[in-house]
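Chains as they are written, first to last, in our numbering: chain F, 1229 to 1374; chain H, 1229 to 1374; chain V, 1229 to 1374; chain L, 1229 to 1374; chain E, 1229 to 1374; chain X, 1229 to 1374; chain B, 1229 to 1374; chain S, 1229 to 1374; chain D, 1229 to 1374; chain Z, 1229 to 1374. Let me begin by presenting the structure, written as structure tokens, before commenting on it.
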């Protein structure tokens, strides 16, 4: 999986600065996943967000224009091979239909938006092994009939 | 997508009884998604859970044995065509790599388990449109080196 | 491409009654494409719409329950082989990226909803050959940042 | 998705000039989608259109020859990963067969041409959220028998 | 490759009658390939053509309605495995781009219609081995700009 | 679809010389499609044909050796996205099986060779729209039994 | 991989008779692979061959007609999963290009026919382990230029 | 299909020397297909074979180390598009299952090795057209049970 | 994934008898995985093994013939969706190339046989969580050169 | 299959030093497969492991940072073409379901972890041919219900 050159440069600058995505949260004013999505060119930054981000990473403002462009989204192969990413594919394969049934029962025919959508990761410390807590929050969109 | 006959029968009985997945929660003692996963044969019920579930649905105990068997899991085509399920595929396509970076930064090299894992759906009422709140919670598994 | 049995039965009844999709518009109170989508089990009817539709087709009310269930959507192979349907795939292949650029320029980063969405077909008579006029109308959904 | 170098150069020039696709409409004398299709090398410009376009973008006439060549068309992967483009794939998956039935009922056995074809995007302002109105207009081609 | 039941029945009746596709040409008033396409449910018969065809095959008129319906077209797997059919796939793979260049040079940017289209097979006797002569004839459709 | 560098150079030279494929026919002594196939490296030129072709294009004889090498053939993706080329794929999808039946009925079990094969394009002027007339001629090869 | 019913019946009869494919060679007058290909409906029998084969298997002559029909050929998935069959796929993957170079060097640009083709299997006894000796013999077909 | 740079260099040197694969047989002491497989980096040369081969091609001994490395094998797309190579894929598709049945009947459950394996091509002159005679010879490996 | 009917019957009988695969080991005289492979029709039983197995399961000897037939092997989709089976696919994806390098360094160019091969599963009790210990043992097959 | 540049450099250095993966075991303090996985960028080294490894290979410490980054894992095509790697795919295809049944019978519903996992290769000398002994050891993870 080859990343866009700008992503490589931003990640390298972030590494050199020793900043985590979480460190960038208060600087950019966005959730760390959202910041990561901007860096991976899966989300569009506003000019101000781009300035704050490139500023924090010690990069010239030349990057601002590029980060505010609308990217062609979608990062990977049809079925992801990276184990961490694959687990989300597996959750969709195994729990997709049960989840559909429960959401529809609660909300009617429609979908959870992946656009009017936020996602947040937390580390839940646990003596038996820390846990990843992932919260997705998407607007329910009911099918319109006409 | 053709469902296993036992799934069709359980869904029909559930419909006739007028029970929602949420109604089954206190009866079976499991989360509604987990119950839906059992009905869709993506999860294995214990004998007791199966008895409670078939009892609530007014079905004979003949189904208990089938529900306690270990299913071959995975429900769908390589890329899901159903819009509700596809959105989870899209989230993995668009946010998969950003999410990987954030999780790894917080936890090190490893994955969020899709096995030692729970998922919960809530309806968040909102005047601008209700929202689906989905919480995933999976144990972090660090890569072992040897 | 095998259709669900209920679709086969509804289409046969519609044929026997000699009713077009357009004839059903005033009876069901929906656009003909929307009615076709219900018949092909790609959209969910309300109980009242289902009653009107089955009534018009001279079918028993046994079908009403089935038509109000939430279907697993998506009808075909990855790449459609039927020439009429393929042309829409081709339009997406050839004009997808230009269209994306124009929509984003007009609206910002986001998508046209395929859920809060309507579609309408008209026949435009033309001495050089009649034309299909297809109007799609979908809510613009802006990417949320968080 | 890597774009042809000429596309990259035209888009960069367009950006520097601060021109939208809509701004180019009166200059080039074509619809903005058609202009975008020329820039993305999915449509062939006439020499005059190419001159007008490169002139407006402040580019040398060296590009004219390239823009009048017949491109190999089709931009993407089998199933698009970009959410905006995917929605058109989804519309084809979900509404393709209903649409086929309605078009055939109105016109007979044949297709809507994707060649003798135009497409137009409008922004429909709406207090509940602006809407994308997309109009496609294609000649109906009846199957010839022989 | 499983054929539609009606195709199986028509082929069986044709065999029993000892009629070739060529024998059916004067009876149905269509080219033998067109008749074969009707039998394989890849083309729609008019009521009269269907009556002539079923009459010649000694079948009841019950088949007439089915043969006049608009079929979902496309017969096979993505890449055909049957050697005779594969050769046409190979011709498209090997000579597709050269052919595109020649057609475009002669006609401009556009396509050869596969809808306003006829095809004819002849046997060319040759002492070094008989030859298949296949003539395709499709209307050239120029890309419309707008 | 990226072309071999030699193809790019030959096409550029041909363009500069203002020669059509048809213009090259009498010079090279081959049909224009065959010449196009040589230029796209889908066919092997003899040394003499290569000399004539490079001579006509004003290119040095350095290209002769390359054009006489046996290429690895096959130009495109599994399913072509270019509309002009796709139509030939569609013809194979829709008419492949009818064609197989007619050829076999005329010749017995076997195939039309795509090797001992010629193809020719003509422009058929027609007031209702010019037509592409494509003639394929391939040796019939009967299945050998042993 | 589901076999055609007629194949299942012929294989069952062959088993009951205790006849090997080799035993059928002198009876049918064909090589055992050719006989197996007829049984698996990958080759067409002549009426006489079909009579000899069904006679040897103690089957009624009802099967003769079916065995003389031209089958749609090709038995399996894109990439075979059966290890014995896969090894031939692997040979093509690993040695395909070397083989192409050697054949072309010996014969010129063309192919080995898979139609005017025979194949024969022998068991070569060897103290270090018996060996499968497979001989393919196909007519060389030179690319025609025109 | 892009070849490894070392393959390109070896083929160019071989061409310049005017040596055929067959000419290299006595020099390298291996069958021409085996030599071709080494050149295409599908087989590993011993140091001595590599020295003989590079010596004959007039290349420096720098290539020896590279030719003795173990390559990642497998040259092509899932389904080969080159007609010469495709025919071997077709033979596997059409005759794979018949061949499996014959081999198993002669040897029991197991496979023909593609590793302890040799392959040889001969030109069989024939007034009706020369023939390619290809002999494969692989050790039979019986399935072990345990 | 639909199993062959005989597999369903054997599994049902095994369940009714309350026998584990491990319980069948001393009865059939094979490792439990090998027995499972016979039941899933991925391995061929000898007549004696089949008799012992069907005897233990209380089934008639009618099954013996079927179990001694050579199956077409390979159970699943290209990429397995079942999480337990997928992990073995993932191990091949992630560790396949490292493993290849280590095996080749130890043994030379060749493969580990999957035919002359055994596999054994053990449960390793561990207070931090039991472990699956899987031992594969396959003959090394060196590439033959010729 | 193109390797990351750092992998190429590490392998070249390892070759020049004449070190096997096994030689690196005591130096790096890890199993040779684990070291190979680090070199192929399928596993993350600790800073200390990276220093030991680059030290042994005589490389500058510039590589240390790169080797401690978390790679995107997964090396190959959907179905591997290299014969050595394919055999592991084949084992999963043929024995995947039997193995699942045996593991589940011993452990309950769950999986063998591919993360909390080790793998070890040994050479088992055998007069009939040396054998590859591969031991996998993964934590069993039981499906959580909730």
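Beta carbons are placed, not taken as given, at the ideal position from N, Cα and C, and that holds for glycine.
Secondary structure remark: continuous alpha helix (DSSP H) runs of at least 4 residues inside the region 1244 to 1317 of chain E, in chain order: 1249 to 1252, 1260 to 1267, 1275 to 1284, 1290 to 1295. In this structure residue 1285(B) touches residue 1242(B) by the C-beta definition: roughly 6 Å separates them, less than 8 Å. Two segments are said to touch when three or more pairs of C-beta atoms, one from each, lie closer than 8 Å; by this definition the region 1318 to 1325 of chain B does not touch the region 1281 to 1300 of chain S. If you draw a straight line from the Cα of residue 1319(F) to the Cα of residue 1355(B), it comes to about 53 Å. DSSP places residue 1352(B) in the strand class (E or B) of the three-state scheme. Nearest neighbour of residue 1349(S) by Cα position, chosen from 1368(B), 1353(B), 1343(B), 1357(B), turns out to be 1368(B).
A distance below 7 Å separates the beta carbons of residue 1330(H) and residue 1264(F). Taking all protein chains shown into account, residue 1373(F) has 16 or more neighbouring C-beta atoms within 10 Å of its C-beta and is therefore buried. Look at the region 1327 to 1350 of chain S: it has no residue with a C-beta under 7 Å from a C-beta of chain E. In the structure shown, the three-state DSSP call for residue 1329(E) is helix.
Cβ-Cβ separation between residue 1339(D) and residue 1267(S): approximately 22 Å, too far for a contact (criterion under 8 Å). For residue 1293(L), the number of other beta carbons within 10 angstroms of its own is below 16, and it is reported as exposed. In terms of Cα proximity to residue 1256(X), the closest of 1245(X), 1301(X), 1316(X), 1278(X) is 1278(X).
Assigned with DSSP and collapsed to three states, residue 1324(D) falls in helix.
For the options 1269(X), 1261(X), 1247(X), the alpha carbon positioned closest to that of residue 1236(X) is the one of 1269(X). Ranked by Cα distance from residue 1251(B), the options 1254(S), 1252(S), 1346(S), 1334(S) are led by 1334(S). Nearest Cα to residue 1244(L) within the set 1287(L), 1275(L), 1260(L): 1287(L). C-alpha of residue 1303(B) to C-alpha of residue 1310(E): approximately 9 Å in a straight line. In this structure, the straight-line span from the alpha carbon of residue 1337(F) to that of residue 1301(V) is close to 11 Å. Sequence-ordered contacts of the region 1302 to 1317 of chain F with chain D read 1307, 1309, 1311, 1314 [C-beta pairs closer than 8 Å]. Residues 1364, 1365, 1366, 1367 of the same chain have their beta carbon placed closer than 8 Å to that of residue 1345(Z), with the five preceding and five following residues left out of the count.
In the displayed model, residue 1239(H) falls within a helix according to three-state DSSP. Selection 1230(F), 1315(F), 1238(F) evaluated against residue 1283(F) yields 1238(F) as nearest (Cα-Cα). Chain order gives no chain V residues near residue 1273(L), where near means a beta carbon separation below 9 Å; the closest approach is about 13 Å. Between residue 1322(D) and chain B, the shortest Cβ-Cβ separation is not below 7 Å. The three-state secondary structure of residue 1334(L), taken from DSSP, is helix. Cβ-Cβ distances below 6 Å link residue 1249(D) to 1260, 1263, 1264 in the same chain, with the five nearest sequence neighbours on each side left out; the list follows chain order. Scanning chain L for C-beta atoms nearer than 7 Å to the C-beta of residue 1260(V) yields 1330, reported in chain order.
Rounded to the nearest angstrom, the Cβ distance from residue 1305(E) to residue 1317(E) is 10 Å, too far for a contact under 8 Å. Within the DSSP secondary-structure output, residue 1342(X) pairs in no beta bridge.
In summary, residue 1351(X) is exposed, with fewer than 16 beta-carbon neighbours lying within 10 Å of its beta-carbon over all protein chains present. Looking at the DSSP output, residue 1366(X) shares a beta bridge with 1360(E), 1345(X). When secondary structure is reduced to three states using DSSP, residue 1233(E) falls in the helix class. Residue 1230(L) sits exposed, since fewer than 16 C-beta atoms from the chains shown fall within 10 Å of its C-beta. Within the model, the alpha-carbon separation for residue 1290(H) versus residue 1234(H) is close to 11 Å.
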